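Peer 1: For our numbering, count along the sequence shown from 1 and bump the result up by 240.
Don't be surprised by glycine CBs; every beta carbon is placed ideally from N, CA and C.
No experiment lies behind these values; they were computed from the predicted model shown.
Pasting a structure here, questions to come.
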Amino acid sequence: MPQRTTTPDPAAIAAGGFRVDPAAIPGLRKVFTTALVKLDKQIEMAVSDVRIRPWAGDPVSQQAATDFNDHTLGVDSALDALTAYQRQLKGALDALTQVEQGYHTIEQENTTLIQQGGC
């Protein structure tokens, strides 16, 4: 059974020496947000529209429908992989937001120091 990936802790990413140019953050957030919106739509569609029912009412179509639904919607399914990717995108977006807030905090502190004649 494949091991599931977990959503990385945004604070751990930020603390791990990951450097991001402050000017690039808005563009990166836009790219991640666009990808997340598209993925959310695909997941919603998969949950509501992909499930099939036994079409012939016989044991063969029942088994085929069960196998198909398990493969696409069950544990370790395509949907499971998509939701894991969704969690990773959200984690990356959260990390970018935290880094951006950190940059703004530092800029504000530096501005305050300069205004107070501290530098």
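Name the residue from ALA324, ILE292 and GLU349 whose alpha carbon lies nearest to the alpha carbon of HIS311.
Peer 2: Residue nearest to HIS311 within the set ALA324, ILE292 and GLU349 is ILE292 (criterion: CA-CA distance).
Peer 1: What did DSSP end up calling PRO248 once you bin it into helix, strand or coil?
Peer 2: The predicted position of PRO248 is uncertain, since its pLDDT is 47 and thus under 50; no value can be drawn from it.
Peer 1: Can you tell me whether DSSP reads PRO242 as helix, strand or coil?
Peer 2: Low local confidence applies: a pLDDT of 46 at PRO242 is under 50, so the model's placement there is unreliable, with the coordinate-based value given in what follows. Of the three classes helix, strand and coil, the one that applies to PRO242 here is coil, per DSSP.
Peer 1: Can you tell me whether VAL339 is buried or exposed? The criterion is at least 16 other CB atoms within 10 Å of its CB, across all chains shown.
Peer 2: So VAL339 counts as buried.
Peer 1: Looking at THR269: is its Cβ nearer than 8 Å to the Cβ of LEU333?
Peer 2: First, the amino acid is wrong: residue 269 is Arg here, not Thr. Result yes, Cβ atoms of ARG269 and LEU333 sit closer than 8 Å.
Peer 1: Taking 7 Å as the cut-off, is the beta-carbon of THR337 closer than that to any non-hydrogen atom of the ligand FMN?
Peer 2: What this structure holds is no ligand at all, so the ligand FMN is not there to describe.
Peer 1: Over the uninterrupted alpha helix (DSSP H) stretch that includes ARG327, give me the two end residues.
Peer 2: 318-355
Peer 1: Checking 8 Å against the spacing of the C-beta atoms, do LEU319 and LEU279 come in under that value?
Peer 2: Their beta carbons are not under 8 Å apart, which means LEU319 does not touch LEU279 by this criterion.
Peer 1: Let me know the secondary structure DSSP gives ARG269 once reduced to three states.
Peer 2: helix
Peer 1: Just the C-alpha distance for ASN309 and SER288, rounded to the nearest angstrom, thanks.
Peer 2: 12 Å
Peer 1: Cα separation between ASP298 and THR306?
Peer 2: 12 Å
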